[in-house]
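I have placed the structure first, in the form of structure tokens, so that the comments after it can refer back to it.
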């Protein structure tokens, strides 16, 4: 059993939502209700659930992109929620994110070279020449070319943009990468390429992934452990193979039963 | 199952024959290229392909809903229904097409969020086609709306609700109620479950399948998900860059695919058991110039 690189304990996050027909009322929505997870070093932890289950909120709260109401997030034993802003910024080198929508998550006015290199610039890693070298190496590693540095995001297809997003996240050599539905906007052929790329990079760079997804077929393929969320709570967690073979919670059983094409395609 | 011009006998509900579609300004660039397939009464034909394969355009051409920038270059779309008789949809004028749409041929779209009118109650929207096509009014219209809502699993009391008060799955149920209101003989569904959660998707697929059997509808189902195909299709048509690369029964195409593209596409789909090794798609079967074209297109998508 490898050690935990990221641990979240008793996370609570409440949103205030306008309600009623004209939005005059307010209701409290518990997006995270006492959520605890463990990410083992070098492994992939999948977070699954339907829309509104709190899985994206969890991703954002883990990286401190949103403040928590209570609970702690420990990265190698250090509580991220208690860090001062400057220290947190420093720490973010190790914690990166790949976003769902490759069309919305890249600045359309920046060249690809600038997008991928921005993290190096912010963290002041190496000279300009070294930074450029790193960017080129990273772009090549994700399947793009040196010439692509000068291009703008709109010149690329969805799958290629997702590769840019991955390069941006990995150029800093992070230890934990949160992938928020990284393949759900892509065609199935492109999806397979990106999944294989993520798996290869995990091996090469000793990455630990938190993989948010609603597609249980993808999760089965890429994850080691799984957390099932429902209405802001963790209803089940364990090894992927165990949970798929013997789901304990009725919601997990529903999710697994709803996978389309189980019998024919695999039979 | 071809058209016999002498006695007009065809067994198929819908038959596409050599349909080609291109932009009006570039008639040589075929977005849909010589597509022929048929849909039988009470059966589902799934059209599968990646984005840009022309599957949605094919569906829209059946409805006569192609955008003004596009044109049907050639081909026939023969619709054969007991009441309307044999019709070539490509040669109908707008007025006759309008009479068919929503009545004998109905369509469900991908986005249940954007395809409902936000300022009209769902009951009103379901009733619209009944008033237009069948002249239903008053109490009879109300009763029909009630029974339709119950058929798709929404309490009849929700007839006065507005689309924003419903969840995504409920909205798609409303869309289905609207489309089946006039008991169409052909239902066209363009990725109706892509925007939905898996559990909701499973419910909607089951509902569509039940309704298809109950009303003996033919269904043209557009999807990119082979899992959905396995659940719902009787026949499968695989499209790639505007052309059909393979078609046949579900068992044939999924169980024993012949074309390398179909095989490659099936290899990209992860399975729920995690036994299968995922493979990146392989276009090795394409000629060199076609490969180059594909790469160029990917860059300019």
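Chains as they are written, first to last, in this note's numbering: chain V, 1 to 267; chain P, 1 to 301.
Think of the CB as a built atom: it goes at the ideal place given N, C-alpha and C, for glycine as much as any other residue.
*Listing by chain order, which chain P residues have their CB less than 9 Å from the CB of residue 162(V)?*
Locating residue 162(V) in the first chain gives position 162, where the first residue counts as 1. Here the premise fails: no neighbours, minimum Cβ distance about 13 Å.
*Kindly indicate the opening and closing residues of the beta strand (DSSP E) around residue 209(V).*
Counted from its first residue, the first chain places residue 209(V) at position 209. Unbroken beta strand (DSSP E) run through residue 209(V): 208-213.
*Do you know how far the Cα of residue 257(P) is from the Cα of residue 279(P)?*
Position 279 of the second chain, counted from the start, is the residue given in the question as residue 279(P). Position 257 of the second chain, counted from the start, is the residue given in the question as residue 257(P). Taking the Cα positions, residue 279(P) is about 16 Å away from residue 257(P).
*Flag residue 160(P) as yes if its beta-carbon sits less than 8 Å from any beta-carbon of chain V, otherwise no.*
Position 160 of the second chain, counted from the first residue, corresponds to residue 160(P). With 8 Å as the cut-off, residue 160(P) does not count as an interface residue toward chain V.
_Between the CA atoms of residue 174(P) and residue 327(V) - distance to the nearest angstrom_ = This structure gives no information on residue 327(V), because the portion of chain V shown stretches from 1 to 267.
*When the cut-off is 8 Å and only beta carbons count, does residue 274(P) lie next to chain V?*
Within the second chain, residue 274(P) is the residue found at index 274, counting from 1. So yes, residue 274(P) belongs to the interface.
*Give a yes or no on whether 8 Å exceeds the smallest Cβ distance from residue 119(P) to chain V.*
Position 119 of the second chain holds residue 119(P). No, residue 119(P) does not count as interfacial toward chain V.
_residue 150(P): first and last residue of the uninterrupted alpha helix (DSSP H) it sits in_ = Position 150 of the second chain, counted from the first residue, corresponds to residue 150(P). Residues 138-151.
*Relative to the alpha-carbon of residue 192(V), which residue among 173(V), 162(V), 170(V), 177(V) has its alpha-carbon at the smallest distance?*
Residue 192(V) sits at position 192 when you count from the first residue of the first chain. When only C-alpha atoms are compared, the closest one is 162(V).
*Residues from the segment 224-245 of chain P in contact with chain V, defined by Cβ distance under 8 Å*: 224, 225, 226, 227, 228, 229, 230, 231
*Is the Cβ of residue 125(V) closer than 8 Å to any Cβ of chain P?*
Here residue 125(V) refers to the residue found at position 125 when the first chain is read from its first residue. For residue 125(V), the answer is no, since every Cβ of chain P falls outside 8 Å of its Cβ.
*Got a sec, what are the start and stop residues for the alpha helix (DSSP H) residue 26(V) sits in?*
Locating residue 26(V) in the first chain gives position 26, counting from the first residue. Note, residue 26(V): premise wrong, no alpha helix (DSSP H); beta strand (DSSP E) at 25-40.
*Is any beta-carbon of chain V found at less than 8 Å from that of residue 176(P)?*
Residue numbering aside, residue 176(P) sits at position 176 when the second chain is read from its first letter. Output row for residue 176(P): interface = no.
*asked:* Taking its Cβ as the centre, do 16 or more other Cβ atoms sit within 10 Å of residue 171(V), making it buried, or is it exposed?
replied: Along the first chain, read from residue 1 onward, the residue named residue 171(V) stands at position 171. It counts as buried.
_Where the alpha helix (DSSP H) through residue 226(V) begins and ends_ = Looking up residue 226(V) in the first chain gives position 226. Careful: residue 226(V) lies outside any alpha helix (DSSP H), inside the beta strand (DSSP E) at 225-230.
*So which residues of chain P does residue 139(V) contact, with C-beta pairs closer than 8 Å?*
For this step, residue 139(V) is matched to residue 139 along the first chain. Ordered by position in chain P, no residue passes the 8 Å Cβ test against residue 139(V), which lies about 15 Å from the chain.
*Using a Cβ-Cβ cut-off of 6 Å (strictly less than) and excluding sequence neighbours within five positions of residue 205(V), which residues of its own chain qualify?*
Taking the first residue of the first chain as 1, we reach residue 205(V) at position 205. For residue 205(V), where only same-chain residues beyond five positions count, there are no Cβ hits under 6 Å.
_Can you check whether the C-beta of residue 187(V) is within less than 8 Å of a C-beta belonging to chain P?_
The count along the first chain starts at 1 and reaches residue 187(V) at position 187. Output row for residue 187(V): interface = yes.
*asked:* So that I know if they touch, is there some Cβ in chain V lying closer than 8 Å to that of residue 281(P)?
replied: Locating residue 281(P) in the second chain gives position 281, counting from the first residue. With its beta carbon less than 8 Å from one in chain V, residue 281(P) belongs to the interface.
*Pull up the distance between the alpha-carbon of residue 238(P) and that of residue 144(P), whole angstroms please.*
Numbered from its first residue, the second chain carries residue 238(P) at position 238. Numbered from its first residue, the second chain carries residue 144(P) at position 144. Cα to Cα, the separation comes out at about 38 Å.
*Grab the span of the alpha helix (DSSP H) containing residue 180(P) for me, first residue to last.*
Here the question's residue 180(P) lines up with position 180 in the second chain. Its alpha helix (DSSP H) spans residues 168-180.
*What first and last residue would you give for the alpha helix (DSSP H) that runs through residue 221(V)?*
Translated into positions along the first chain, residue 221(V) becomes position 221. Per DSSP, residue 221(V) belongs to the alpha helix (DSSP H) from 216-222.
*Closer than 7 Å, Cβ to any Cβ of chain V: which residues of the segment 46-60 of chain P, in chain order?*
50, 51
*Compare the C-beta of residue 257(P) with all C-beta atoms of chain V and state if any pair is closer than 8 Å.*
Sequence index remark: in the second chain, residue 257(P) carries index 257 (1-based). Taking Cβ atoms only, chain V never reaches closer than 8 Å to residue 257(P), which makes this a no.
*Nearest CA to the CA of residue 303(P): which residue from 223(P), 78(P), 218(P), 188(P)?*
The shown model of chain P, from 1 to 301, leaves out residue 303(P), and the question about it has no answer.
*Taking only beta carbons into account, state which residues of the segment 195-228 of chain V come closer than 7 Å to chain P, listed in chain order.*
Residues of the segment 195-228 of chain V with a C-beta atom less than 7 Å from some C-beta of chain P are 195, 196, 214, 216, 217, 218, 220, 221, listed in chain order.
*Are the C-beta of residue 90(V) and some C-beta of chain P separated by less than 8 Å?*
Position 90 of the first chain holds residue 90(V). The beta-carbon of residue 90(V) is placed no less than 8 Å from the nearest beta-carbon of chain P.
*For residue 182(P), which residues from the same chain have a beta carbon less than 6 Å from its beta carbon, with the 5 sequence-adjacent residues on both sides left out?*
The residue given as residue 182(P) occupies position 182 in the second chain. So the qualifying residues of the chain are 103, 129, 133.
*asked:* Quick test of your reading: residue 49(P) and residue 55(P), contact by CB under 8 Å. State the CB separation rounded to the nearest angstrom.
replied: Indexing the second chain from 1 puts residue 49(P) at position 49. Indexing the second chain from 1 puts residue 55(P) at position 55. That belief holds up - the Cβ atoms of residue 49(P) and residue 55(P) are roughly 5 Å apart, short of 8 Å.
_Burial state of residue 91(P) (16 or more Cβ within 10 Å)_ = On the second chain, position 91 is the one that residue 91(P) refers to. So residue 91(P) ends up on the exposed side.
*asked:* Helix, strand or coil, according to DSSP, for residue 23(P) in the structure here?
replied: In the second chain, counting from the first residue as 1, residue 23(P) sits at position 23. Three-state DSSP puts residue 23(P) in a strand.
*Classify residue 131(P) as helix, strand or coil using the three-state DSSP reduction.*
Position 131 of the second chain, counting from 1, holds the residue named residue 131(P). It is helical.
_Looking only at its chain, what residues have a beta carbon closer than 7 Å to the beta carbon of residue 9(P), apart from the 5 residues adjacent to it on each side?_
As a first step, residue 9(P) must be located in the second chain, where it is residue number 9. Confidence at residue 9(P) is low in this model, with a pLDDT of 49, below 50, so its placement is unreliable and no value can be given for it.
*Determine the contact status of residue 88(P) and residue 78(P), defining contact as a CB-CB distance below 8 Å.*
Taking the second chain and counting its residues from 1, one reaches residue 88(P) at position 88. Taking the second chain and counting its residues from 1, one reaches residue 78(P) at position 78. A contact, by the Cβ cut-off of 8 Å.
*Among 97(V), 86(V), 48(V), 49(V), which has the Cα closest to the Cα of residue 62(V)?*
Mapped onto the first chain, residue 62(V) falls at position 62. Minimum Cα distance to residue 62(V) is reached at 97(V).
*Is the Cβ of residue 199(P) closer than 8 Å to any Cβ of chain V?*
Here residue 199(P) is taken as the residue at index 199 of the second chain, counted from 1. Closer than 8 Å: yes.
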